[in-house]
Structure formats: structure tokens, C-alpha cells
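Residue numbers (the numbering used here): 6 to 283.
Just so it is clear, CB atoms sit at the ideal spot from N, CA and C, and this is done for glycine as well.
Given the structure is predicted, the values throughout are model-derived calculations rather than measurements.
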DNA sequence: AATGAAACCTGACAGC
DNA sequence: TGCTGTCAGGTTTCAT
């Protein structure tokens with residue numbers, strides 16, 4: 006479900022609520038495909054350790070785990086929410102939702118719960134070297150909010166795939182998904198199918214600006230709740246009210262009233278205005 | 001190397 | 001009511 010703004014909202018929310026707490030017990034469900042690291046490794050990394058920090062890297066939520074009374078992390082717990090994953094902080098008396106696959110019980114009794122109906126989510130553990138040997142998880146690509154204009158342009162140099170497909174490629178930029186790819190292309194006035202290598206420098210500069218603006222605004226709105234996205238408290242975002250094209254097939258363009266088109270590109274529903282985007 | 005299509009799952013919703 | 005088909009915030013794998 007979640008893209009950069011939703012993952013950012015969740016990570017910030019979880020961080021505020023559980024930073025500094027100790028994990029006293031861990032439950033991991035029986036679905037093996039969710040665990041990208043061995044189960045015993047994951048239990049060993051989590052159990053009896055403290056949560057130094059929770060943050061977002063790309064679409065991943067990173068838990069920095071430290072020994073008690075120490076600050077430098079020894080391991081990281083990585084959570085990828087896939088399409089339908091949720092990460093909730095709840096009191097123990099609140100009933101476990103269906104499809105709960107992991108529960109971390111904290112020293113104040115509260116629980117961090119990983120819930121994922123479709124099971125496209127993934128959990129993994131990264132061990133950190135003793136003397137800062139490993140920097141830990143740095144993500145799969147460049148960070149869209151901080152990438153410079155020149156680096157952004159260089160990413161797409163000589164690429165012949167449609168621009169939207171490349172926006173979704175997590176080894177180039179990480180964090181952009183279907184909603185924000187469609188929305189940023191609309192705001193930049195670029196058709197999703199355009200070959201990246203045929204975009205002008207000015208268009209690429211416009212796209213970077215549009216992408217950063219739309220991501221920042223979405224974070225400020227707590228993300229987009231299209232079907233079932235909620236933050237760490239189970240609260241919905243409201244950036245879906247600002248969508249110009251995503252899931253608005255046939256509805257009038259907010260700028261020119263032309264009905265929004267839907268095509269399939271890179272296997273994904275793709276929405277654009279045929280008049281505003283050229 | 002790069003691109004595209006299919007596969008992995010469940011749930012919600014529209015139409016009959 | 002219940003069936004079928006479509007669609008959904010993502011990534012990986014396989015074929016070209």
C-alpha cells in the first residue's frame with residue numbers, strides 16, 4: 006500500500022511512540038515468505054534489545070536496535086509493507102487484527118504489530134559491524150527528496166523505457182510508487198509513456214521539482230488513504246483529496262476539465278490528462 | 001544491460 | 001444471496 010509519504014508518516018509515528026523502549030518478547034507468525042532472514046536470527050536481534058530509533062529509508066522502515074544502556078545500534082530490523090502491510094502500536098487489550106504476522110511486546114506492555122493481508126510485505130534483519138564496519142541499510146536507490154538536479158538528470162540519461170516505468174524503478178529512485186509517479190508526471194505536464202531519453206533537460210528539472218513538491222505535500226497531509234492505509238495509530242491520511250489523476254479515470258481534469266485517461270503501463274494502472282500532459 | 005510481462009496473495013466492489 | 005470479473009499503495013523472476 007504505502008509509498009514514501011505513507012512510510013515516512015508511519016516511521017515518524019512509530020518512532021515518536023516507541024523510541025527508547027525495550028523489547029521484552031517477540032511473536033513471529035508461521036508464514037515463511039514474510040521472513041527474508043532466518044527466524045532465529047530475527048528473534049535474537051529483537052529480543053531484549055532497545056529501539057534506538059525508527060526511520061524511513063526508501064519504502065523501508067528501519068528499526069535501529071541497541072543493547073540496553075548502550076546507544077550505538079548492533080542490528081537493524083527492516084520492515085517493508087508491500088501493498089497492504091500495516092505497522093501499528095497498540096495496547097495489549099486491543100484485539101489482534103486478522104493477518105497479524107509479527108508482534109513485539111515492549112517493556113511498557115504496548116505492542117508493535119505487523120499486519121499484512123496480502124503478504125507482499127517483508128521482514129529482515131541486518132547485523133552491524135563492531136566498529137562501524139557496516140553503515141547499515143542505505144536503501145536501494147537515490148532519495149527523491151534530496152537528490153540534486155544534476156544527479157536526477159543523470160539517472161535517466163539514455164534510458165529508453167517510459168518515464169513512469171523508471172520512476173517506479175527502486176534501484177534508481179527509492180520511495181516512488183504508482184500514486185506519486187502519476188501525480189508528479191501530471192504536475193510536470195509529461196505523458197507517462199514518454200521515453201526518458203527524449204525528455205528535455207527542462208522537462209526533467211520540472212519533473213524533479215513536481216515530484217519533490219508532491220511528496221512533501223503528501224507527507225504534510227499524513228499520506229494518501231486510498232483503500233486501507235493507516236498510520237501507527239490507525240488514523241487515515243488525507244492526501245487522496247489532493248489527487249489530480251490517480252484513480253480519477255473519466256473524471257474531469259482539475260485544470261482543464263478533460264476526462265482523465267487510464268492505460269496500463271509497466272503492469273500498473275496509469276492515469277493522465279491528455280490535454281495537460283504532452 | 002534493459003525492458004516487459006507474469007506471478008505472488010487477499011479483499012473490496014460492481015454487475016449479473 | 002452468491003457468483004464472476006476487475007482492480008488495488010509492490011517486488012521478484014523469467015523471457016525476450
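Just to check my reading of the structure: residue i and residue j have Cβ atoms closer than 8 Å, yes? What is that Cβ distance to the nearest angstrom?
{"i": "residue 197", "j": "residue 270", "result": "6 Å"}
{"i": "residue 23", "j": "residue 67", "result": "No, residue 23 and residue 67 are not in contact; Cβ-Cβ is about 13 Å, not under 8 Å."}
{"i": "residue 119", "j": "residue 83", "result": "The pair is not a contact, with the Cβ atoms about 12 Å apart (cut-off 8 Å)."}
{"i": "residue 188", "j": "residue 94", "result": "Going by Cβ atoms, the distance from residue 188 to residue 94 rounds to 29 Å, so no, they are not a contact pair."}
Between the alpha carbons of residue i and residue j, how many angstroms are there, rounded?
{"i": "residue 35", "j": "residue 106", "result": "8 Å"}
{"i": "residue 72", "j": "residue 116", "result": "19 Å"}
{"i": "residue 171", "j": "residue 279", "result": "20 Å"}
{"i": "residue 274", "j": "residue 182", "result": "11 Å"}
{"i": "residue 88", "j": "residue 126", "result": "7 Å"}
{"i": "residue 99", "j": "residue 236", "result": "16 Å"}
{"i": "residue 243", "j": "residue 9", "result": "15 Å"}
{"i": "residue 77", "j": "residue 15", "result": "23 Å"}
{"i": "residue 228", "j": "residue 11", "result": "5 Å"}
{"i": "residue 230", "j": "residue 147", "result": "25 Å"}
{"i": "residue 160", "j": "residue 114", "result": "46 Å"}
Checking the sheet assignment: what are the DSSP bridge partners for residue i?
{"i": "residue 116", "result": "95 and 110"}
{"i": "residue 143", "result": "Residue 143 pairs with nothing; no bridge assigned."}
{"i": "residue 129", "result": "83"}
{"i": "residue 282", "result": "In DSSP, residue 282 forms no bridge with anything."}
{"i": "residue 178", "result": "147"}
{"i": "residue 264", "result": "257"}
Specify the secondary structure class of residue i as computed by DSSP and reduced to three states.
{"i": "residue 69", "result": "strand"}
{"i": "residue 55", "result": "strand"}
{"i": "residue 161", "result": "coil"}
{"i": "residue 255", "result": "coil"}
{"i": "residue 273", "result": "strand"}
{"i": "residue 343", "result": "Shown here, the chain extends from 6 to 283; a query on residue 343 therefore has no answer."}
{"i": "residue 150", "result": "coil"}
{"i": "residue 49", "result": "helix"}
{"i": "residue 60", "result": "strand"}
{"i": "residue 246", "result": "helix"}
{"i": "residue 203", "result": "helix"}
Since residue i is in the alpha helix (DSSP H), which residue starts that stretch and which ends it?
{"i": "residue 191", "result": "183-193"}
{"i": "residue 17", "result": "9-23"}
{"i": "residue 210", "result": "206-225"}
{"i": "residue 170", "result": "168-173"}
Would you kindly report the start and end of the unbroken beta strand (DSSP E) that includes residue i?
{"i": "residue 28", "result": "28-33"}
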